[in-house]
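Visitor: Its first residue numbered 1, the sequence shown is counted upward by one per residue in UniProt numbering. Cβ atoms here follow ideal geometry from the backbone N, Cα and C, with glycine treated the same way. None of the values given here were measured: they were computed from a predicted structure. I'd like to ask some things about the structure below.
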Amino acid sequence: MASRNVYLTYNKDTSRLLYWVINTSNDIIQSGTDAEEHPSVTINTTSQSTGAQIVSMSTLIASNLKPIPSAILDLFQRVIKARSTMHAIFQQIVTEYSDPDIERSNTTHKHFIDALNAAFDALGGASRASSNISPADDDADDDLFFYNQFAALSLGGAKDDDDEDAFEDESHAAQAAPRKKKPGKGHNKKKGKRVKKAKQKLASESTAEPSLSDVPVESYRIIEDNDGLVSEYLLAVYAVVREWVELRAFTQDLWRECAYEGLNGAVAASLTNTAVSMVKQTCITVFADFPGHESMRLHRISACGHQSEKVQEINFDAKEHFWIHAYNDLVAFMTDFQRNRTGKPMKAMQAQLNNWSPTSDLRRATNEERIIWRRMYTINWLYDLVNVFSCIVVQRNTLKGERHVYEDVDWSKTGPWHHHRRLFGLNEFAGDITALAMQKSGTDVRRRIMPHHVFQLHCVVDSFTASRGWTLSPIHGHIVTLPPRKFRPRRDVDLFLDRKIKRDCQGVLQAIDVLKQLLQKDADIYQDPERHRLQADVLEDLKFDFVNWLGEFKIHHNANGLWEHSPLLCATGLVEGLIPVQCVTMALWDQIPEPTLAIHLHNMLSHLQDSFFPEGIPTERFSAALVARVGQGRMDRASLRQRQAMSRDMTNDIHQVLDVRFNRFYRFFKAKSALMMYRDANWMPEKIPDSAIKIPSMMYVFRLNNAERVVDPTTGENRLAETELVKRAKARGQTDATLLEEASIFIPRVNATKEDREAFMHHVLDSKNYRCRLLEMLRVDIFGDVCGNSPLSSLNFVWITCHIMFLFLEIEDQFREAHHPLWVKAYEQPSPQLRRQKRLALVVAAMTDEDDQAMKLFAKAFEKVRLGALACIFWEDLREGETGLKPEADDDEIPMDGCSVM
């Protein structure tokens, strides 16, 4: 998925612009044309250039190439616009808050903008309508595409203005950048006519200038002084912060919707996880140009290039938007925690924390009082987080012979302590924060605080303040309203667990208890204590973790404020709890025949249709299909021993042991919920393989939109390239024409008019952050999966399994009471090979004989048990009639009973 970060787009545009200018200038010089008239312009062998050199090269090019390709003028305008925007923003800052460092950087900005404008004017850009600046189109500006177009944009292949979409009209067929040909003709400046290329070579091969043919386009850079480097850094920071602000506004709206409008917390948590991942990946990419300067502190690179000095912090009202409060609160917590590392605040800090109340009426507080209230909440919550996450190690240090040095412990979720469950939800974040807090007193850890840490902390804090009626608007500032009356942070996780069994047959804890009893009864019938031992042990381990580490903290003193005051932690914990429930059940279903038998008997079109019937639902010869299905699913003893060994290996967490991707273990039930799919991709949508994407879904549409368009050599018509996803769609009956139509949803086709594309991109880029638009699309899939029209993640698969087991107990009762011949054959006189699979023998025999009386007994059992998957959901209800899209809100609207405080 293409990134639309301002800095990354600027960098891309600048490198491509310089690539064209340098190589076109080199071509002209090597041709011998007008070389004597521009003695200051020489062959560039470094792929780097100063602003003054760009002007000189552009002047040379303008003398020899007419017209200049419109795509190049577009690049010039976009680069100038990006720099000018940055200059204007920081000019406003220094006007209000004097900062000599930013003033010097802004002077460099101005010099560079002037140079670009001079080069642009030299190429004839001044005569072009300056208002029509098209936004960067990542589809059209693909790296490979740019290489393939160089010949068309350089001296020898310039297009007329009538063919200005040079980037878009050429074939994608070439797989590597073509070797640049020396231009055959060039304009004579004086005569206005083309002249022949000089016949003689400029130099022999032994003295030829070094070639730039192997230099990648992204290596083309503009040389700037130290203030220029700071300017680049400030541009990078601005671009990242702009994205942060918009993503924070998006996630804050989610948590307000969760509190006031009943949005399921798992939806909000999944999208927040994805937003955190986006921030993390953007920072990794953007700050790759500034190694050592990725942390939250803004630094200036010294003249020697090896040291950095802290730039004066800008103290203006945008502290709220730029996360400065959250950053300072995090640093204050770490400084206080390090003082004694006992998990107890120092006296001065404790005195402040004692005055904090979670139910304070924020409407009656001043803005400063609210910020202090939030600071105390943040520090309180962080103390609880680190105390819970570190409790196992701290407890071990009280035992004789154990001495763990806190600053040397690997606190990460992949470290040696990760097999001890301490938390559901924010494990990676908790590990990072604990590692910083556990350093020796006085250790400066600020350089190790990454932007995604602060963003994730802000999401935690925002989820709670939104539930208390306090949100932030870019237009209205702080908005404070009456808190929701019925919302509780633990609302959804309590429904999932149902610790007190308020809703019979729906909570996962009760379901685990019942299923274990049913498995034990089955083992007793066959007089085989080991029959379901592995599955029962996994279920018990899962239940133990849920009881002690999800929604409550049972092991030590009361620290439930960690959960009670954090909607985000409760919801992320819920997401992490929903996934293993399905994994455990899928593993069990691959080991017992009852689920498959029940589905074949009922011929039920379930949400797991592709798992039950990968070749389609059989319409005849059910017994043959059933035997084949169950026979293939039986695990050989070697595989069973391998999985048992894996489950005993405590270095593997439950996700690794139960991951449905293990084909050698799980033969059929591999259907993934949307939550599974995103979790497996570490909440990075671009990492989800085509094979995992559900058809249809919004992710499916998004991938089709980004698929390459090619020309079918047989029909001459446009179609999508044969990606794995396209092949899967065609296997389901989709045609090339249908796929192209689906690929046009939300994002216009590549062959749409330029005006259409610009209008759409303007909407995406300017009306709302591109990543927020992507999150809105992903929300549809996640909403449908959690509580909407395809609710895999809402199904209590453990209860469904219980119902299936109850069904077969009823079937056995029906056949036993009727003393049906098939009962006698399967249960009283079983064949040796089916002695341990009597239920399978009964169903296969009934289907094979097509016995009417047997079918009536099966139907009677189904009628009595009333097996219905949708009755086994965790929530009180589903929202099947909703798309999952959030209606567009009025930015000027203030919530009822709310007040705005700038």
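1) For the region 492-542, list the alpha helix (DSSP H) runs that are entirely contained and at least 4 residues long, ordered along the chain.
2) Distance, Cα to Cα, THR572 vs LEU740?
3) Got a sec? Which residues, its chain only, sit under 8 Å from ILE873 by beta carbon, not counting five neighbours each side?
4) What are the boundary residues of the beta strand (DSSP E) that includes HIS820?
5) Rank MET334, GLY401, THR359 by C-alpha distance to the C-alpha of ASN387 and give the top, closest one.
6) Candidates ILE449, GLU776, GLU812: which alpha carbon is nearest VAL865's?
7) Check the C-beta distance from SER270 over to TYR700 and give it rounded, since I have them as a contact under 8 Å.
8) Whose C-beta lies closer than 8 Å to the C-beta of ILE43 among residues of the same chain, with five residues either side of it excluded?
9) Are there three or more Cβ pairs, one per stretch, closer than 8 Å when the region 452-461 is compared with the region 266-282?
10) Going by DSSP, what residue range makes up the alpha helix (DSSP H) through HIS404?
11) Could you check the C-alpha separation between SER47 and LEU235 for me, to the nearest Å?
12) So, THR272 versus THR285, is the Cβ gap smaller than 9 Å?
13) On the DSSP bridge list, what partners appear for ILE222?
14) Have a look at the DSSP bridge pairing and note the partners of GLU711.
15) Starting from THR471, follow the beta strand (DSSP E) in both directions and report where the run begins and ends.
16) Would CYS283 pass as a contact of MET450 if the rule is Cβ separation under 9 Å?
17) Taking 6 Å as the limit between beta carbons, can you name the residues of its chain near GLN535, skipping five residues before and five after?
18) Ignore the nearest five residues each way along the sequence and tell me which others in VAL41's own chain have a CB closer than 7 Å to its CB.
19) With 16 as the cutoff for other CB atoms within 10 Å, does GLY788 come out buried or exposed?
20) With a cut-off of 8 Å on the beta carbons, I'd call ALA351 and LEU574 a contact; round off their distance for me.
21) Whether or not the region 523-543 and the region 360-376 are in contact is what I'm after, with contact meaning three or more pairs of Cβ atoms, one per stretch, closer than 8 Å; do they touch?
22) Suppose only complete runs of 4+ residues qualify. What are the alpha helix (DSSP H) ranges in the region 317-369, listed by chain order?
23) Can you give the Cα-Cα distance for TYR770 and ALA268, rounded to whole angstroms?
24) Rounding to the nearest angstrom, what Cα-Cα distance links LEU65 and ALA115 in this structure?
25) Hey, how far is the Cα of residue 906 from the Cα of CYS258?
26) Taking C-alpha atoms, which residue in TRP411, LYS440, GLY442, SER441 lies nearest to ASN427?
27) Mind checking who ILE873 pairs with in its DSSP beta bridge?
28) In whole angstroms, give me the CA-to-CA distance for LEU330 and PRO216.
29) So, with DSSP's three-state summary, where would you put GLU741?
30) Starting from VAL786 and walking both ways along the alpha helix (DSSP H), at which residues does that stretch end?
31) With a 10 Å radius around its C-beta and 16 neighbouring C-beta atoms as the bar for buried, classify TYR383 as buried or exposed.
32) Return the chain-ordered list of same chain residues with a C-beta closer than 8 Å to the C-beta of PHE76, the five sequence neighbours on each side being excluded.
33) Give the straight-line distance between the Cα atoms of GLU776 and ASP253, rounded to the nearest whole angstrom.
34) Should LEU574 be counted as a contact of the ligand HEM given a C-beta to heavy atom distance under 8 Å?
35) Which word fits GLU552, buried or exposed, when buried means at least 16 other C-beta atoms lie within 10 angstroms of its C-beta?
Guide: This is what the structure holds:
1) 508-525
2) Within the sequence shown, residue 572 is the residue found at index 572, counting from 1. Within the sequence shown, residue 740 is the residue found at index 740, counting from 1. Their Cα atoms are separated by approximately 37 Å.
3) As a working mapping, residue 873 is identified with position 873 in the sequence shown. GLN506, PRO791, SER794, LEU795, ASN796, listed in sequence order.
4) Along the sequence shown, read from residue 1 onward, the residue named residue 820 stands at position 820. Taken as a continuous stretch (DSSP letters only), HIS820 belongs to no beta strand (DSSP E), as it is neither H nor E.
5) Walking along the sequence shown from the start, residue 387 turns up at place 387. Checking every option, the nearest Cα to that of ASN387 belongs to MET334.
6) Mapped onto the sequence shown, residue 865 falls at position 865. Taking only the C-alpha atoms, the option nearest VAL865 is GLU812.
7) In the sequence shown, the residue the question calls residue 270 occupies position 270. In the sequence shown, the residue the question calls residue 700 occupies position 700. Contact between SER270 and TYR700 is absent: CB atoms are separated by about 18 Å, not below the 8 Å threshold.
8) Locating residue 43 in the sequence shown gives position 43, counting from the first residue. Excluding positions up to five away in sequence, the list reads ASN26, ILE29, GLN30, GLU209.
9) yes
10) Looking up residue 404 in the sequence shown gives position 404. First-last for HIS404: undefined, no H or E at that position.
11) To locate residue 47, count along the sequence shown from 1; it is residue 47. To locate residue 235, count along the sequence shown from 1; it is residue 235. Taking the straight line from one Cα to the other gives about 22 Å.
12) Sequence index remark: in the sequence shown, residue 272 carries index 272 (1-based). Sequence index remark: in the sequence shown, residue 285 carries index 285 (1-based). In this structure, THR285 does not lie closer than 9 Å to THR272 by Cβ.
13) What you label residue 222 is simply residue 222 of the sequence shown in a count that begins at 1. ILE222 is bridged to SER49.
14) For the purposes of this step, residue 711 is taken as residue 711 along the sequence shown, with counting starting at 1. What sits at residue 711 in the sequence shown is Val, not Glu. Bridge partners of VAL711: ASN718.
15) Locating residue 471 in the sequence shown gives position 471, counting from the first residue. Taken as a continuous stretch (DSSP letters only), the beta strand (DSSP E) holding THR471 covers 470-473.
16) The residue labelled residue 283 in the question sits at position 283 within the sequence shown. The residue labelled residue 450 in the question sits at position 450 within the sequence shown. Yes. Within cutoff.
17) By 1-based counting over the sequence shown, the position of residue 535 is 535. Counting only Cβ-Cβ distances below 6 Å, and skipping sequence neighbours, we find LEU588.
18) The sequence position of residue 41 within the sequence shown is 41, counting from 1. Result list for VAL41: SER25, ILE29, SER56, MET57, LEU60, in chain order.
19) On the sequence shown, residue 788 is found 788 positions in, with the first residue counted as 1. GLY788 is buried by the Cβ-count criterion.
20) Counted from its first residue, the sequence shown places residue 351 at position 351. Counted from its first residue, the sequence shown places residue 574 at position 574. Not confirmed; about 35 Å, so no contact.
21) no
22) List check, alpha helix (DSSP H) in window: 324-338, 347-353.
23) Taking the first residue of the sequence shown as position 1, residue 770 is located at position 770. Taking the first residue of the sequence shown as position 1, residue 268 is located at position 268. The alpha-carbon atoms of TYR770 and ALA268 are separated by roughly 18 Å.
24) The count along the sequence shown starts at 1 and reaches residue 65 at position 65. The count along the sequence shown starts at 1 and reaches residue 115 at position 115. Distance between the alpha carbons of LEU65 and ALA115: 20 Å.
25) An answer regarding residue 906 cannot be provided, because it is not within the stretch 1 to 902 covered by the chain.
26) Start at 1 with the first residue of the sequence shown, and residue 427 comes out as number 427. Closest by alpha carbon: TRP411.
27) Mapped onto the sequence shown, residue 873 falls at position 873. LEU795, per the DSSP bridge assignment.
28) Counting from one through the sequence shown, the residue named residue 330 turns up at place 330. Counting from one through the sequence shown, the residue named residue 216 turns up at place 216. Between LEU330 and PRO216, the C-alpha separation is close to 41 Å.
29) Translated into the one-based positions of the sequence shown, residue 741 becomes position 741. If DSSP states are grouped into helix, strand and coil, GLU741 belongs with the helices.
30) Numbered from 1 along the sequence shown, position 786 holds the residue referred to as residue 786. 770-786 is the extent of the alpha helix (DSSP H) around VAL786.
31) Reading the sequence shown from its first residue, position 383 is the one you call residue 383. Label assigned to TYR383: buried.
32) In the sequence shown, counting from the first residue as 1, residue 76 sits at position 76. Once the five neighbours on either side are set aside, the close Cβ partners of PHE76 are LEU17, LEU116, ALA119, PHE120, LEU123, GLY125.
33) In the sequence shown, counting from the first residue as 1, residue 776 sits at position 776. In the sequence shown, counting from the first residue as 1, residue 253 sits at position 253. GLU776 and ASP253: Cα-Cα distance of roughly 12 Å.
34) This structure lacks the ligand HEM; in fact it carries no ligand of any kind.
35) Locating residue 552 in the sequence shown gives position 552, counting from the first residue. Classification for GLU552: buried.
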